[in-house]
Structure formats: C-alpha cells, structure tokens
Amino acid sequence: MALASCGKSGGEGERQGWESAKKSDSLAGYELFTSTYPGSIHAPEAEAHARGIRRDRLVCPDVVIAWKMPGWTASELERELEDEIDAAFASLPVLGYYSTKFRAGSIEIDLSIGQPDFTRPDLESVEDAVASLREVLPGNPEIFTSIHREALWSHLLIVLHGDIAAQELSAHASTLESRLAGIGAVTEVFGAAEPEPRVEILLDDNRCRMFGVSAIDVVDSLEVFEAPVSIDMVGETVVSKQPGQEVRIRDLARVGDVESHGTRCTFDGSPAVALCLWPDRNRQGETEAELRQILDEYGAGSNLSIDYTVSSMTSGVRLSFQPGSSDSESLDTARVVAERLGGSETTPVLVEVVNESPLMVQLTAFGQIDPMSMFSDNYAIPGVSMHTVRRPLPEERGATLAVAVAGQDWEQIAAVRSDLIQQCSALAGVVATSSDELFTVPEVSLVIDKERLAQRGVSAQEVAAELAAMTGEGIVALDGKVVIRTESSARYQEPDEFFKMLRQDGVEVELVDRWVALRHFNGERAAVVELVVSDSSMVDAVRAELQAVLAGISAQGIRITCLSE
1 MALASCGKSG GEGERQGWES AKKSDSLAGY ELFTSTYPGS IHAPEAEAHA
51 RGIRRDRLVC PDVVIAWKMP GWTASELERE LEDEIDAAFA SLPVLGYYST
101 KFRAGSIEID LSIGQPDFTR PDLESVEDAV ASLREVLPGN PEIFTSIHRE
151 ALWSHLLIVL HGDIAAQELS AHASTLESRL AGIGAVTEVF GAAEPEPRVE
201 ILLDDNRCRM FGVSAIDVVD SLEVFEAPVS IDMVGETVVS KQPGQEVRIR
251 DLARVGDVES HGTRCTFDGS PAVALCLWPD RNRQGETEAE LRQILDEYGA
301 GSNLSIDYTV SSMTSGVRLS FQPGSSDSES LDTARVVAER LGGSETTPVL
351 VEVVNESPLM VQLTAFGQID PMSMFSDNYA IPGVSMHTVR RPLPEERGAT
401 LAVAVAGQDW EQIAAVRSDL IQQCSALAGV VATSSDELFT VPEVSLVIDK
451 ERLAQRGVSA QEVAAELAAM TGEGIVALDG KVVIRTESSA RYQEPDEFFK
501 MLRQDGVEVE LVDRWVALRH FNGERAAVVE LVVSDSSMVD AVRAELQAVL
551 AGISAQGIRI TCLSE
C-alpha cells in the first residue's frame, strides 16, 4: 500500500524511496525548448491519437518532437505519414505511451520514454526512430525536444481530513505549512476554506434576450481571467461584438462583491485540506524522516487524520460538467470516477470542487498513476468533459506574465500560439511556459436544406429530437441551413439505417472536427499563454522583451494582448 499515515490514523504503511533523475542536456543536434506539455488532453482526442499505450509501466519523462510542415493540411499529413510514424515509434522497447497530433502545417509526437523508476530517459532509441523517418518526411523539418521536469523530481502530497469544520481544517493547514517550511517548499494548499473575495454577477434575463446573449456567453467571456480581478474589470468585459456596438457584462447584469469560503474538498468521505510539498533537492534523503516526525507530533492528541504519500506524479484529472447539471448528482459522478481510479484502499483520491458554476471537480490521485489510463477507462461519461491537469513546480510559483491570442479562426490561433511559445521560451529569466491545449473533438454534421424540410412537413426540431432519442444528444442551429451535431461520432463510423434514410432524402451527412472554445477574450475565441519568471526582479526586463516578441508576430485577423501590464 503506497499510503503512509501519521497522527490519529496511526498506520505505518509502506515507505517508498525517493526517485531522482538528471535531465538530459540535449538530443544531439536538436534544440531544447520549454514544452507546454502536459496540457489539457481531451478524452476523445486521447482515444483517437494515443496509439500504443503500455499499461505495464508508469508515466516516464516525456520527449516531444515537432515537425513543421508548411503547406500541408492535417488530413494530408495523417494520410501520408501515419503508418510510417507508427512503425518508427510504436515498437520502442522503453515506450510508456505515445500520441501523434496532426495539425495544419505541423506534426507533434508526444513520447513517454524511459524506465519505470523515473531514471534518465533512453534518448538514443528516440534518435534512431527520428533518423528512420528522415527518408519519408519531405524537406528538412525543424525538430524540437523537451522532457517533463516534474517527472524527474519526487514530491509529497499531504492531506488533513476529519469530521471537523472546514475553517478549522484550513487553520490546521496554515499552521502545518509554516512548520514544514524548514524541509521544503509548500507550493500549494488546496481545499482551503478561508474566506476569499468573489465577484457576483446577477444577470437580467430581459436584457440578455434583448442583446441576444446567454449566461453561457457571459461565463465564456470571463474564462480568460487567471488572476484576481476587480469589479470594474468584470463589468467592462466584452461578451459579444455586434454591428455598431460591443455588449459588455455591465450592459446585462449587476456586478458586486461577495465573500466565499473557498473550495469544497473531500478525502475518504470526510472534509479535507491538502498540501503539495516539494522537498529541498539537496536533502531528499532526510526529508521523509523529518516529515514523519513533524506529522506524528502535530497529529498527536488531535481529532485529525493526516496522510501522506511519496509521489513522482503531479497529474490529476479535471471533470467539467455541463451547465445546469445537478451539483449533488455531479459530485456523486465525480466520486464514482474517483473510486474507479483505484479506490481508497490502494489509491486514495482527493476530490476537490474547483469551480461551482459551471461545476468543475478535480481529482488528485495519491501515488504513481498514469493519467492516460484514467482517461482510457473513464472518458465516456455523458455530459462530462475530462482533461489532465498538473500541480505547479516550485520554480513555477514565481511571477507570471500572460498573453491572450484572440481571433475567430482556431487554426490561426493555434499557429500563433505555438510560435509565441517557442519564442518566449528562449527569453532570459523565463523558466517555464504553459498554455491552453487547443483541441478538436469529432462530431457528426447533418446539413439539411430548409426547403426540403418544408416539403416533407418535418421540422428541424423533430429531426433533432429523433437523433437525440437515439444518441442522447443533439443541437440545432439555424443559419441558412440547419446543422444538427453530435460529439459521439465514434459510434457512427458505419452509418445506421437512420443516417441511410437521411442520405436518401438528400441530407448531407459528414464527420467533422470541431474546435472547442476553451476561452473567450473581448468577444473572440482565445488561447492564453503564460510565462513564469524565475525572479520577480526580472519581470520588467522580461516584459520589455515580451513586447518586442509580440511586435514581431503578425497574423491577419489575430489580436495579441499582454494581460500582465
């Protein structure tokens, strides 16, 4: 059993040694850059592209190889090179898992390559695989590589739980955090319940209808904010752009401030608070013994249970529920998923509500778990989208600069985002970059001519209702033609009688990839790129260099805005 216990629970558990590894300086002849991986990996995409997953080993340090292929479409690249790439990488003897992403103008291969004990990754086999592809890849593409740094350094997850008030748990976490400062860096306390300021938006239904926007549009417009915001900033946020005017939140709602008691967090069925501790790298051999002593002393005579585990993984899974979902039912679903990730006996899972409306629940597994395996078993939950998240490294807790890349064309946004990440990663003082993972999801598109519908005496709503009765989903959009879409296209690779009947009636039925809008900024689709600066004294210098980078990036229809002025 990977979990060790101290305090009231009193169990000894099985101790695990510290794993460590040295980051490779480079792949011979290749340039290193700071990767944005792991980002948000949407479950359907993981199913479609993560071929060759090996379940018999842990997630290992990652290597990301990217070919720039100007002028090629994603479908052309996949059709011409999929088999060759599979042959080159799928049989690597030290492969944990791999996935291939084909995008317009680029190919990205994400490899988990190394030994199960998180030792130095075997880069020689990667070089051989890349060399075997040079004959089939046209031109002379640039190749970049990167290694997950968080997989190379163990950390500790510590959870305090018991049948006591959330505020009392938070007070214990604050006290314990100060006591742990001597043995490492506590980079995050999650599940805390101390009061925190929040902005309340009370929408006026009549004004929303008048401007033709919904509550979901308002939520989307706010997702660009990462740092605390003022009431004025929220009120001035653009929800949509209409001819001759911009619709802002203040036009639709009353905005005020309220006080909230943080997030809801449970562990093994009881309220919980957790700390993420990164030990001093130079004292790893001593840290676990010191931690055990501190937790034993702190837990003695209290009504707390204090559990911890040594882990080399920071990944978890975030579940995003559709707006309007019942909180109680959604939380029950999240707990079921947590149980499916291993259960409290072997792999305890911390269940944390990170957003209330729409509901988002984050699951953090205690122990060494491959987040890809979490997806493989759990992604098909109606009304729930899933993606991986990770806890920050200590050096990623410094000052952060953020840039929004906004526009209407996701292909353009993705291309500018990738260019921006590569240039910003080379700036002096920038120790890490992160960004939204832009992804597409498959769907079936049914395009129905409205005149034909009228001739048949059938409405679009009736067709959608029949589709929804079969699949449990269906959306109608009216704009010249009627488009009915479902994200469950994997079920319809071989169209059934219903689709055959529609085709006979002249209905266009096609499989399409739809870009998922993660964020909106000033009424447009957007991706946010964050730069972590190692020293706060360097922020102004990095910001000046960042502005020079932004000035040199030009793309028609794309607006780039620095959010950290």
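In terms of the numbering used here, the sequence shown is residues 1 to 565.
A virtual CB, placed ideally from N, CA and C, is assigned to each residue, including glycine.
- One thing to note: V239 has its Cβ no nearer than 8 Å to the Cβ of D205.
- If the five residues before and after T400 are omitted, its C-beta is found closer than 6 Å to the C-beta atoms of E530 and V532, all from its own chain and listed in chain order.
- DSSP places I560 in the uninterrupted beta strand (DSSP E) bounded by R559 to C562.
- In the three-state scheme derived from DSSP, where H, G and I count as helix and E and B as strand, V130 is classed as helix.
- Counting along the chain, the unbroken beta strand (DSSP E) around V238 starts and ends at V238 to Q242.
- Taking 8 Å as the cut-off, the Cβ atoms of T561 and A414 do not count as close.
- The beta carbon of D419 sits closer than 8 Å to those of I553, all from its chain and outside the five residues before and after it, given in chain order.
- Sequence-distant Cβ neighbours of V136 in its own chain, meaning closer than 6 Å and more than five residues away, are E84.
- Within the model, the alpha-carbon separation for E108 versus W67 is close to 6 Å.
- Pairing I294 with L160 gives a Cβ-Cβ distance that is not under 8 Å.
- In the three-state DSSP reduction, Q167 falls in the helix class (H, G or I).
- Considering only A74, Q556, V528 and N522, the residue with the shortest C-alpha distance to E246 is N522.
- Distances from the CA of V528 to each of I164, E177 and R417 were compared; the closest alpha carbon is that of R417.
- The three-state reading of DSSP puts I65 in strand, counting E and B together.
- Put simply, the backbone Cα of V273 is about 7 Å away from that of S170.
- The beta carbon of M69 sits closer than 7 Å to those of L77, G105, S106, I107 and P141, all from its chain and outside the five residues before and after it, given in chain order.
- Per DSSP, the unbroken alpha helix (DSSP H) holding E411 starts and ends at W410 to S425.
- In this model, A428 and E200 are separated by some 39 Å (Cα to Cα).
- Per DSSP, reduced to three states, the secondary structure at D268 is coil, with no helix or strand assignment.
- For E246, the enclosing beta strand (DSSP E) starts and ends at Q245 to R248.
- The beta carbon of F102 is closer than 7 Å to those of A74, L77 and E78 in its chain, skipping five residues each way along the sequence.
- Around the beta-carbon of D232, fewer than 16 other beta-carbon atoms lie within 10 Å, marking it exposed.
- For the pair L252 and E524, the Cα-to-Cα distance works out to about 18 Å.
- As the crow flies, the alpha-carbon of C424 is around 13 Å from that of A404.
- S270 has its alpha-carbon roughly 6 Å from the corresponding atom of G162.
- With contacts defined as CB atoms closer than 8 Å, V189 and L291 fail to qualify as a contacting pair.
- Annotation: G235 to A129 spans about 53 Å, alpha carbon to alpha carbon.
- In this structure, V430 places its C-beta atom within 8 Å of the C-beta atom of V542.
- Put simply, the backbone Cα of D409 is about 16 Å away from that of K241.
- Rounded to whole angstroms, the Cβ separation of Q412 and A215 is 28 Å, and the two are not in contact under 8 Å.
- Looking at the DSSP output, E524 sits in a beta bridge with F521.
- Rounded to the nearest whole angstrom, the C-alpha separation of N303 and S178 is 20 Å.
- One alpha carbon belongs to G256, the other to E168, and they sit about 28 Å apart.
- Pairing A426 with A526, the inter-Cα distance amounts to about 23 Å.
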